[in-house]
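Q: For reference, the structure I am asking about is given below.
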């Protein structure tokens, strides 16, 4: 039992905390809306090698694991940084597993943005989380992992979460990366990494939402005292802090279990996603609420967090359905109530 | 980062399981359910013989030199089969304070008996009008030569009727208010003037109200300096967080999964195949995992000498209450049968949890007190309670 980060991991955390504090301040976050992508910040990310942190060294990466990526995602979440982290980082690890060396090196050096199609169903039917900016999305089609090139005339979807969402109707140019037994297993592993990295980003988002709320509650006065004096204001912030620390531990445990290849790893990834989703929303909602009417104005930073606390979850999965994935993975599939298989919910049953 | 249970726990857990199999008898478990005393003298002595009462003290002081993880594993194994551990657990709160701040003579007189499992110490903090505000203490102590004379009453003194001493909070400065002017004593429970009345609880526990009428206590039994009771209580309160085995939320979760696996559903499968049961259990699994992780973090940080916040003490009981209620809904009327009924599900465990859980967000620091601590100490928010 050791719950401490190593010196190297602390270094990764500090490095990206500094980067995002400087390059993803609220003005930059607002400027990137509604498409949700800051090319300058993305270039910084590429230059630091962030995307390749989780890629083996012999494949041109940093040789780290999912935990190192989770630390980066958490720091990005803290600043609601307008760059994609979860899907491109998981895609890079998947490309390395598939041996797709050209696509991987293009992704790592920034030549092409490579993301994942994480929703159930064919690529053409999905709102792709990074569809507005990606050059390639990697998808599972049947028993094949395929790379799909961006079609012409993609129209980015203006959205509340500052995400580069888009549909790719008419995407046809497909390269098969893996065909066979490994395809589902590897893609499922990549989906688990997305769950974990989305959870980590939501942990960071929750932490800053709590901090914004606490800072306001310390200085704003009502009825002659700072509003943080009132327990109805303070106590939900305390609950949020406890839940945020719990979500971080759960996310880290999922990273560790994935790295150790433990049978419970997939269930933990789903659990981390659900718990972080609920935690981030509750933190952002209460923090916005205690700002009173100001929290509702666009000038107030907390509204940036409130919208993303929901949109970052919805982009990946309905947490209620994700509970079914937790159950399938922890207890095996129900023998009497089978659901239609979802690409991101199978086959990680144990 | 490593979430593996420390490997050395296997040994102590196996040892505690074998110990529990030998010493925690069916009669003992039933007597505990019937009386709710939280105490078995024979179990206490057997634990003392192994150094497991003062388990974290060094062997030369009668302990076993266990670390917080080992202690949690050892106590967890004994509790898992229904062995009563409230007595030794509570005794150690005051024993740790006496060890830290008692006079050499008092330490020599009391602590060997505690470690040996011969001496039980109950806690006399809360008063009928005090509750969470422990410093609203009205019980008076007045010095009279080499003795003190104590008058007052204490509420919720669990196992007072089985204890050898009470670790008693008194007010010795009549002009003082709040946390000042308090003095701690170790009062022998056989002293004339002490009257104990049983208070039965909904959760199968017996507690007591204790009256102190002109109770005379030797100055030798004072703990810490006069009017420095706050200092002594802090030493004991800090130890209260120490007891962090697996959360009760996760124990309840394990029982709920066992129920779902073994209970047929109308479709001929089991309740574990039912969609609403599955989602409930999945949600519960998440809260149980988080409650356990926060508890592990307490043990981990204590081992490093760092101070963990009261996260686990808040999240564990809050989720325990929530899930004890959800499980009732899920299991249905069979779950409401109590342990005395032969038809009770899993020995009446869900009925037991439902009854007990609701007190867990009250004792050991109510959820409101813990949230205020977090708000003030970790979020820098202003104090919500009036200063005394």
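Chains as they are written, first to last, in the working numbering: chain X, 1 to 350; chain E, 1001 to 1388. Even for Gly, the Cβ is constructed at its ideal location relative to N, Cα and C.
#1: For residue 11/X and residue 72/X, I'd like the C-alpha separation in whole angstroms.
#2: Taking 8 angstroms as the cut-off, decide whether the C-beta atoms of residue 1212/E and residue 1193/E are in contact.
#3: What are the boundary residues of the beta strand (DSSP E) that residue 1209/E is part of?
#4: Is it buried or exposed for residue 1022/E, if we count other Cβ within 10 angstroms and need 16 for buried?
#5: Quick check: the stretch 97 to 116 of chain X against the stretch 213 to 231 of chain X, are at least 3 beta-carbon pairs closer than 8 angstroms?
#6: Kindly indicate which residue of 143/X, 174/X, 237/X and 164/X has the alpha-carbon position closest to the one of residue 151/X.
#7: Counting contacts by CB-CB distance shorter than 8 angstroms, is residue 1294/E in contact with chain X?
#8: Give me the Cα-Cα distance between residue 1051/E and residue 1064/E, rounded to the nearest whole angstrom.
#9: Measure from the C-beta of residue 1272/E to each C-beta in chain X and report whether the shortest distance is under 8 angstroms.
#10: Could you give the distance in angstroms between the alpha-carbon of residue 322/X and the alpha-carbon of residue 1157/E?
#11: Kindly list the residues whose CB is nearer than 6 angstroms to the CB of residue 209/X, restricted to its own chain and excluding five residues on each side of it in sequence; keep chain order.
#12: Tell me whether the beta-carbon of residue 186/X lies closer than 8 angstroms to the beta-carbon of residue 98/X.
#13: What are the boundary residues of the alpha helix (DSSP H) that includes residue 1383/E?
#14: Per DSSP, residue 147/X is paired with what?
#15: On the DSSP letters alone, give me the boundaries of the alpha helix (DSSP H) that residue 253/X sits inside.
#16: Count the other C-beta atoms from every protein chain shown that fall within 10 angstroms of the C-beta of residue 160/X, then say buried if there are 16 or more, exposed otherwise.
#17: Within 10 angstroms of its Cβ, does residue 16/X collect 16 or more other Cβ (buried), or is it exposed?
#18: From 1058/E, 1319/E, 1327/E and 1003/E, pick the residue whose C-alpha is nearest to that of residue 242/X; which is it?
#19: Which value, in whole angstroms, describes the spacing of the CA atoms of residue 1228/E and residue 1115/E?
#20: Use the C-beta contact count for residue 167/X: other C-beta atoms within 10 angstroms, 16 or more gives buried, fewer gives exposed.
#21: Buried or exposed for residue 340/X, please, with buried defined as at least 16 other CB atoms from any protein chain shown within 10 angstroms of its CB.
#22: Do residue 1360/E and residue 1252/E come within 8 angstroms of each other at the CB atom, strictly closer than that value?
#23: Go to residue 109/X, then tell me how far its alpha helix (DSSP H) extends in each direction, as first and last residue.
#24: Does any residue of chain E have a CB that is nearer than 8 angstroms to the CB of residue 228/X?
#25: Inspect the beta-carbon positions of residue 251/X and residue 272/X and report whether they are closer than 8 angstroms.
#26: Using 8 angstroms for Cβ pairs, my map puts residue 1146/E next to residue 1219/E. What's the rounded Cβ distance?
#27: Does the pairing of the stretch 85 to 98 of chain X with the stretch 43 to 61 of chain X give three or more beta-carbon distances under 8 angstroms?
#28: Is residue 1067/E helix, strand or coil when you go by DSSP?
#29: Exposed or buried, which one is residue 126/X when buried takes at least 16 other CB atoms within 10 Å?
#30: Assign residue 159/X to one of three DSSP states: helix, strand, or coil.
#31: Determine the chain X residues that contact residue 1132/E at a beta-carbon separation under 7 angstroms, and present them in chain order.
#32: Helix, strand or coil: how does DSSP classify residue 1165/E here?
#33: Around the C-beta of residue 1083/E, are 16 or more other C-beta atoms found within 10 angstroms, so that it is buried, or is it exposed?
#34: For the beta strand (DSSP E) that residue 1151/E lies in, which residues bound it at each end?
#35: With 8 angstroms set as the bound, which would you pick, yes or no: does the beta-carbon of residue 1120/E sit closer than that to a beta-carbon of chain X?
#36: Using the C-alpha atoms, what's the distance from residue 1128/E back to residue 1289/E?
A: So, from the data block:
#1: Within the first chain, the letter at position 11 stands for residue 11/X. Within the first chain, the letter at position 72 stands for residue 72/X. Whole-angstrom Cα-Cα distance: 11 angstroms.
#2: One-based indexing of the second chain puts residue 1212/E at position 212. One-based indexing of the second chain puts residue 1193/E at position 193. A contact, by the Cβ cut-off of 8 angstroms.
#3: On the second chain, position 209 is the one that residue 1209/E refers to. That run of the beta strand (DSSP E) goes 1206 to 1218.
#4: As a working note, residue 1022/E is residue 22 in the second chain. Exposed, by the Cβ-count rule.
#5: no
#6: Here residue 151/X refers to the residue found at position 151 of the first chain. Closest by alpha carbon: 174/X.
#7: Residue mapping note: residue 1294/E aligns to position 294 of the second chain, counting from 1. Output row for residue 1294/E: interface = yes.
#8: Against the second chain, residue 1051/E aligns to sequence position 51. Against the second chain, residue 1064/E aligns to sequence position 64. Cα to Cα, residue 1051/E sits roughly 5 angstroms from residue 1064/E.
#9: Position 272 of the second chain, counting from 1, holds the residue named residue 1272/E. Chain X, which has a Cβ nearer than 8 angstroms to the Cβ of residue 1272/E, makes this yes.
#10: Here residue 322/X refers to the residue found at position 322 of the first chain. Here residue 1157/E refers to the residue found at position 157 of the second chain. Going by the C-alpha atoms only, they are around 46 angstroms apart.
#11: Within the first chain, the letter at position 209 stands for residue 209/X. Result list for residue 209/X: 283, 284, 287 and 305, in chain order.
#12: Residue numbering aside, residue 186/X sits at position 186 when the first chain is read from its first letter. Residue numbering aside, residue 98/X sits at position 98 when the first chain is read from its first letter. A contact, by the Cβ cut-off of 8 angstroms.
#13: Against the second chain, residue 1383/E aligns to sequence position 383. Residue 1383/E -> no alpha helix (DSSP H), and no H or E assigned at all.
#14: On the first chain, position 147 is the one that residue 147/X refers to. DSSP lists 138/X and 175/X as partners of residue 147/X.
#15: Residue 253/X sits at position 253 when you count from the first residue of the first chain. Per DSSP, residue 253/X belongs to the alpha helix (DSSP H) from 231 to 259.
#16: If you number the first chain from 1, residue 160/X lands on position 160. It counts as exposed.
#17: Within the first chain, numbered from 1, the residue matching residue 16/X stands at position 16. Classification of residue 16/X: buried, given that the 10 Å Cβ count is 16 or more.
#18: Here the question's residue 242/X lines up with position 242 in the first chain. Closest by alpha carbon: 1319/E.
#19: Position 228 of the second chain, counted from the start, is the residue given in the question as residue 1228/E. Position 115 of the second chain, counted from the start, is the residue given in the question as residue 1115/E. Residue 1228/E and residue 1115/E: Cα-Cα distance of roughly 26 angstroms.
#20: Counted from its first residue, the first chain places residue 167/X at position 167. When all chains shown are included, residue 167/X counts as buried.
#21: As a first step, residue 340/X must be located in the first chain, where it is residue number 340. Unreliable placement is indicated for residue 340/X, whose pLDDT of 46 sits below 50; no coordinate value is reported for it.
#22: What you label residue 1252/E is simply residue 252 of the second chain in a count that begins at 1. What you label residue 1360/E is simply residue 360 of the second chain in a count that begins at 1. No; because the gap between Cβ atoms is not below 8 angstroms, this pair is not in contact.
#23: Position 109 of the first chain holds residue 109/X. Per DSSP, residue 109/X belongs to the alpha helix (DSSP H) from 101 to 109.
#24: Taking the first chain and counting its residues from 1, the one referred to as residue 228/X is at position 228. So, interface residue.
#25: The count along the first chain starts at 1 and reaches residue 251/X at position 251. The count along the first chain starts at 1 and reaches residue 272/X at position 272. Yes; because the gap between Cβ atoms is below 8 angstroms, this pair is in contact.
#26: Reading the second chain from its first residue, position 146 is the one you call residue 1146/E. Reading the second chain from its first residue, position 219 is the one you call residue 1219/E. The pair is a contact, with the Cβ atoms about 5 angstroms apart (cut-off 8 angstroms).
#27: yes
#28: If you number the second chain from 1, residue 1067/E lands on position 67. Coil.
#29: Counted from its first residue, the first chain places residue 126/X at position 126. Buried.
#30: What you label residue 159/X is simply residue 159 of the first chain in a count that begins at 1. Reduced to three states, the DSSP call for residue 159/X is coil.
#31: Translated into positions along the second chain, residue 1132/E becomes position 132. Within 7 angstroms Cβ-Cβ: nothing; residue 1132/E doesn't reach chain X, min ~13 angstroms.
#32: Here residue 1165/E refers to the residue found at position 165 when the second chain is read from its first residue. The answer is strand: DSSP assigns residue 1165/E an E or B state.
#33: For the purposes of this step, residue 1083/E is taken as residue 83 along the second chain, with counting starting at 1. Under this definition residue 1083/E is a buried residue.
#34: To locate residue 1151/E, count along the second chain from 1; it is residue 151. Here the beta strand (DSSP E) through residue 1151/E covers 1147 to 1154.
#35: In the second chain, the residue the question calls residue 1120/E occupies position 120. Closer than 8 angstroms: no.
#36: In the second chain, residue 1289/E corresponds to position 289, counting from 1. In the second chain, residue 1128/E corresponds to position 128, counting from 1. Rounded to the nearest angstrom, the two C-alpha atoms are 37 angstroms apart.
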